[in-house]
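Chemist: Start counting the sequence shown at 4; every next residue gets the next number (the numbering used here).
Structure below; questions to follow.
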Amino acid sequence: MLISILIVGLIHGSIAGYIQAILIIISLVLFVYLFLLLGEKAGKYTNNLQYRIDRGTDNSFVEYPLGILLYDSDKQIQWVNPYFVEETGFDPSNSMNVKDISSELSSLIDDEEHADNKTIQIDDKYYLVQVQTELKVIYLMNITHYSKIEKRYEDNRSVIGQVYLDNYAEITQSMSDRDISNLDNYITNELSNWASEQQMFLKRIDDDHFFIMAYTGRIFDMEKNGFKVLDIIREYTSQQNVPLTLSMGFSYGIDDLHKLNDEAQKNLNLALGRGGDQVVVKEIGEKARFYGGNTDPMEKRTRVRARMISEALQELLKDSDQVIVMGHSHPDMDVLGSSLGIRRIAMMNNTPCKIVINPNTLHSDVSRLLGMINEDPEIKKDIVTPDESIAIKTPKTLIVMVDHSKQSISINPDLFKGDNNKVVVIDHHRRGEEFPENPMLIYIEPYASSASELITEMLEYQPKNKKAIEKIEATALLAGITVDTKSFSLRTGTRTFDAASYLRSVGADETVIQNVLKENIDSFIQKSHLIETITMVNGNMAVCFGEEDKSYDPVIVAQAADTLLSLDNVEASFVISKRPDGRIGISARSLGNVNVQVIMEKLGGGGHLSDAATQIADATVDEVKDRLVDVLNDSDKKN
Numbered sequence: 004m005l006i007s008i009l010i011v012g013l014i015h016g017s018i019a020g021y022i023q024a025i026l027i028i029i030s031l032v033l034f035v036y037l038f039l040l041l042g043e044k045a046g047k048y049t050n051n052l053q054y055r056i057d058r059g060t061d062n063s064f065v066e067y068p069l070g071i072l073l074y075d076s077d078k079q080i081q082w083v084n085p086y087f088v089e090e091t092g093f094d095p096s097n098s099m100n101v102k103d104i105s106s107e108l109s110s111l112i113d114d115e116e117h118a119d120n121k122t123i124q125i126d127d128k129y130y131l132v133q134v135q136t137e138l139k140v141i142y143l144m145n146i147t148h149y150s151k152i153e154k155r156y157e158d159n160r161s162v163i164g165q166v167y168l169d170n171y172a173e174i175t176q177s178m179s180d181r182d183i184s185n186l187d188n189y190i191t192n193e194l195s196n197w198a199s200e201q202q203m204f205l206k207r208i209d210d211d212h213f214f215i216m217a218y219t220g221r222i223f224d225m226e227k228n229g230f231k232v233l234d235i236i237r238e239y240t241s242q243q244n245v246p247l248t249l250s251m252g253f254s255y256g257i258d259d260l261h262k263l264n265d266e267a268q269k270n271l272n273l274a275l276g277r278g279g280d281q282v283v284v285k286e287i288g289e290k291a292r293f294y295g296g297n298t299d300p301m302e303k304r305t306r307v308r309a310r311m312i313s314e315a316l317q318e319l320l321k322d323s324d325q326v327i328v329m330g331h332s333h334p335d336m337d338v339l340g341s342s343l344g345i346r347r348i349a350m351m352n353n354t355p356c357k358i359v360i361n362p363n364t365l366h367s368d369v370s371r372l373l374g375m376i377n378e379d380p381e382i383k384k385d386i387v388t389p390d391e392s393i394a395i396k397t398p399k400t401l402i403v404m405v406d407h408s409k410q411s412i413s414i415n416p417d418l419f420k421g422d423n424n425k426v427v428v429i430d431h432h433r434r435g436e437e438f439p440e441n442p443m444l445i446y447i448e449p450y451a452s453s454a455s456e457l458i459t460e461m462l463e464y465q466p467k468n469k470k471a472i473e474k475i476e477a478t479a480l481l482a483g484i485t486v487d488t489k490s491f492s493l494r495t496g497t498r499t500f501d502a503a504s505y506l507r508s509v510g511a512d513e514t515v516i517q518n519v520l521k522e523n524i525d526s527f528i529q530k531s532h533l534i535e536t537i538t539m540v541n542g543n544m545a546v547c548f549g550e551e552d553k554s555y556d557p558v559i560v561a562q563a564a565d566t567l568l569s570l571d572n573v574e575a576s577f578v579i580s581k582r583p584d585g586r587i588g589i590s591a592r593s594l595g596n597v598n599v600q601v602i603m604e605k606l607g608g609g610g611h612l613s614d615a616a617t618q619i620a621d622a623t624v625d626e627v628k629d630r631l632v633d634v635l636n637d638s639d640k641k642n
């Protein structure tokens, strides 16, 4: 446009045209000048900005408070920034591997899935770590200050505890007032001093019950020491011939104090269900941790609890249309005897009862006794298979678990499916974490020899105007006691012999028991073969194992473990074998100095201090043996 006006002005040659042309030329020159000037300034600004960006990037890469480490495929350190050197004390003049700085840092490189945003500790500092494995770069941010705040918060969260004197009522019932006062003063002073040392609030709320409020940090410290106060009180009272033990339950993890108190009570019940003389610590939503429990629970001297349980069971029977009773899979004599005992109690209270038995999982001795039982048509019609038990179950059916408390090992776990199950648990094993939800009645007495002993006591409190226990039922109950006590040589108390005496008085036949318990030749050969593989661990623990491709009857394995205890210098025995269901089983026995229950719990099982077991799926005999030896060695180091 401007050029067209300029050409027209020059063609006409007028003064106005020349002036107009000159103005246009000046405008063009000025425009070009300003454009070039603006471009130059923009270029300088852009170059300066890029320089500052590059310089800032370089400085931040080298000097920003973020540790940066480059490594190669062998985890050898190739370069670190100065901040990394300052933080970790790494000497760049030395050729080092990542694991020389931190083994935890080295392991994060291999764990790509969980390598990001992990916190690790190097010396006394904490770092937030991010690993870029594709670039082979590690970034470390010092978060020590925040970690200390977090730790202070975690260490000062509220903990509620319940303390119970396990056998206070039994011990004090025969003591004079003066001796009771002296015992109370000792217990109160000892626990008060302990609470004061640990900065806890302790309040006695009953003769045998204390309430505690504490901080998590203090509980963690006591866990490291194994709650020594239990040993102190037990040893002192034993010296005074009043052996008193304590149980404790602690709960933490939420801010709802009411719920914490409920959970603490549940944890105390768990400790008592495991035999007492121990501590259960549990964070809400996590697994429980157990401490103590290294002594056999002492027999209580009163039958009050047995009578109360018996009366409570009678009330439950009145509200039920029928009873289904069952033991653990691969039932033994105790399961069969206690099941028959529950059936008789139900009949004495006019309630039908069915016993669940899987005929495909019976050992020879149980099969022999069951054959005799089936000769009684009244009993035979009340024995059902697992499938039949499902078909007859109704909403008002009372399910009674005998000789176990874990639903997963019941003869028929499917019976527990569905809502509003009415469940009763009668067991003599130490209680584990797995347990029926909201059972109607719990009778767990780890001091008892067997479930048959517990149920025999209950029989004595049933209506006297009903038909008495049959001879074969009494024989089965006595057989259960005989097997679980190894012919009255282990885990027996005065009440065990009282129960056996009662069963003999109502017709139990010991000759039948001896014939039933005879071992066949094949079983004897298999047991001897297992014992031949004996290996000693830590000098006094015998470990035996079967072949990978051969399964063994669990009863034979248990008998082998029992036999090993008769050998010189054997304090504990462990027999590992493949079970008929494909899992690898361990049968553990002890003379009492080694707590095999704790050992088996570490491998997913449980039981008694001197009699425990576990089953492990998806493993070989050799793998399970290695895991067991590791646990035994670890336990030996702690002791």
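Glycine included, each C-beta is placed from N, C-alpha and C at the ideal position.
Remember, it's a predicted structure, so these values are computed and weren't measured experimentally.
Hey, out of 253, 380, 334 and 240, whose CA is closest to residue 225's CA?
Modeler: The shortest C-alpha separation from residue 225 is found at 253.
Chemist: Per DSSP, which one or two residues make a beta bridge with residue 168?
Modeler: 249.
Chemist: If you follow the beta strand (DSSP E) that residue 351 is part of, which residue opens it and which one closes it?
Modeler: Not the beta strand (DSSP E): residue 351 falls in the alpha helix (DSSP H), residues 336-351.
Chemist: May I have the straight-line CA-CA distance separating residue 527 from residue 310, to the nearest angstrom?
Modeler: Taking the straight line from one Cα to the other gives about 42 Å.
Chemist: Identify the residues that DSSP records as bridge partners of residue 285: which are they?
Modeler: Answer is 254, bridged to residue 285.
Chemist: Since residue 278 and residue 414 should fall inside the 8 Å C-beta cutoff, what is the C-beta to C-beta distance between them, to a whole number of angstroms?
Modeler: The pair is not a contact, with the Cβ atoms about 25 Å apart (cut-off 8 Å).
Chemist: Threshold first: 4 residues or longer. Then list the alpha helix (DSSP H) segments lying entirely within the segment 381-448, N to C.
Modeler: With a minimum length of 4 residues, the continuous alpha helix (DSSP H) runs that stay inside the segment 381-448 are 389-395.
Chemist: With a threshold of 8 Å, are at least 3 pairs of Cβ atoms found where one atom belongs to the segment 383-394 and the other to the segment 488-508?
Modeler: Taking 8 Å as the limit for Cβ pairs, the verdict is that the segment 488-508 does not touch the segment 383-394.
Chemist: Please confirm whether residue 483 and residue 340 have their CB atoms less than 7 Å apart.
Modeler: Yes, the pair counts as a contact, with Cβ atoms nearer than the cut-off.
Chemist: Measuring CA to CA, which of 545, 599 and 288 is closest to residue 433?
Modeler: Answer by Cα proximity: 599.
Chemist: Going by C-alpha distance, which of 450, 38 and 41 is nearest residue 498?
Modeler: Selected option, being the one with the closest Cα: 450.
Chemist: Which first and last residues belong to the beta strand (DSSP E) in which residue 614 is found?
Modeler: Counting along the chain, the beta strand (DSSP E) containing residue 614 begins and ends at 614-619.
Chemist: Taking only runs of the alpha helix (DSSP H) that begin and end inside the segment 190-266, which ones reach a length of at least 4 residues, in chain order?
Modeler: Taking only runs of at least 4 residues, the alpha helix (DSSP H) segments lying wholly in the segment 190-266 are 219-228 and 232-242.
Chemist: Compare the beta carbon distance of residue 549 and residue 568 with 7 Å and say whether it is the shorter of the two.
Modeler: No, Cβ-Cβ distance for residue 549 and residue 568 is not below 7 Å.
Chemist: Pull up the DSSP beta-bridge partners for residue 523, would you.
Modeler: Answer is none; residue 523 lacks a bridge partner.
Chemist: Report the option in 583, 611, 603 and 587 whose CA atom is closest to the CA atom of residue 594.
Modeler: The shortest Cα separation from residue 594 among 583, 611, 603 and 587 belongs to 611.
Chemist: Where DSSP assigns a beta bridge to residue 124, which residues make up the other side?
Modeler: For residue 124, which the question treats as bridged, DSSP gives the partners 129.
Chemist: With a 10 Å radius around its C-beta and 16 neighbouring C-beta atoms as the bar for buried, classify residue 31 as buried or exposed.
Modeler: Label assigned to residue 31: exposed.
Chemist: Between the segment 403-410 and the segment 243-261, can you find at least three pairs of beta-carbon atoms closer than 8 Å?
Modeler: As far as the Cβ criterion goes, the segment 243-261 does not touch the segment 403-410, which means the pair count is below three.
Chemist: Could you compute how far the alpha carbon of residue 89 sits from the alpha carbon of residue 288?
Modeler: Their Cα atoms are separated by approximately 41 Å.
Chemist: Answer with yes or no whether the minimum CB distance from residue 121 to chain C is below 7 Å.
Modeler: Among the protein chains of the structure shown there is no chain C, as only one such chain exists.
Chemist: From residue 613 to residue 382, what distance separates their C-alpha atoms?
Modeler: One C-alpha to the other measures close to 34 Å.
Chemist: Helix, strand or coil for residue 304? Go by DSSP, reduced to three states.
Modeler: Caution is warranted here: a pLDDT of 42 is assigned to residue 304, below 50, making its placement in the model unreliable, and the coordinate value is therefore given only provisionally. Coil.
Chemist: Tell me whether the segment 550-565 and the segment 502-509 touch, counting them as touching only if at least three CB pairs, one residue from each stretch, are closer than 8 Å.
Modeler: No: the two stretches stay apart, fewer than three of their Cβ pairs being nearer than 8 Å.
Chemist: When the Cα of residue 125 is compared with those of 135, 108 and 137, which residue comes out closest?
Modeler: With distances taken between Cα atoms, residue 125 lies closest to 108.
Chemist: Can you tell me where the beta strand (DSSP E) holding residue 544 begins and where it ends?
Modeler: Where residue 544 is concerned, the enclosing beta strand (DSSP E) stretches over 544-548.
Chemist: If you run the structure through DSSP and keep just helix, strand and coil, what is residue 176?
Modeler: Coil at residue 176, not helix or strand.
Chemist: Report yes if the CB atom of residue 233 is closer than 7 Å to the CB atom of residue 295, and no otherwise.
Modeler: Yes, they are a contact pair.
Chemist: Residue 458 lies in the alpha helix (DSSP H); which residues open and close that run?
Modeler: Note, residue 458: alpha helix (DSSP H), 454-462.
Chemist: What's the gap between the Cα of residue 243 and the Cα of residue 171?
Modeler: Rounded to the nearest angstrom, the two C-alpha atoms are 14 Å apart.
Chemist: Quick one: Cα of residue 127 to Cα of residue 531, how far?
Modeler: Answer to the nearest angstrom: the Cα atoms are 56 Å apart.
Chemist: In whole angstroms, give me the CA-to-CA distance for residue 410 and residue 134.
Modeler: Between residue 410 and residue 134, the C-alpha separation is close to 44 Å.
Chemist: So residue 163 and residue 236 are in contact, right, with Cβ under 8 Å, and what is the actual spacing, rounded?
Modeler: Between residue 236 and residue 163 the Cβ distance is about 21 Å, and since that is not below 8 Å, they are no contact.
Chemist: Whole angstroms are fine: how far does the CA of residue 458 sit from the CA of residue 472?
Modeler: Answer to the nearest angstrom: the Cα atoms are 12 Å apart.
Chemist: Going by beta-carbon coordinates alone, are residue 152 and residue 72 separated by less than 7 Å?
Modeler: It is not a contact, given that the beta carbons lie outside the stated cut-off.
Chemist: CA-CA distance, residue 286 and residue 429?
Modeler: If you take the alpha carbons of residue 286 and residue 429, they lie about 28 Å apart.
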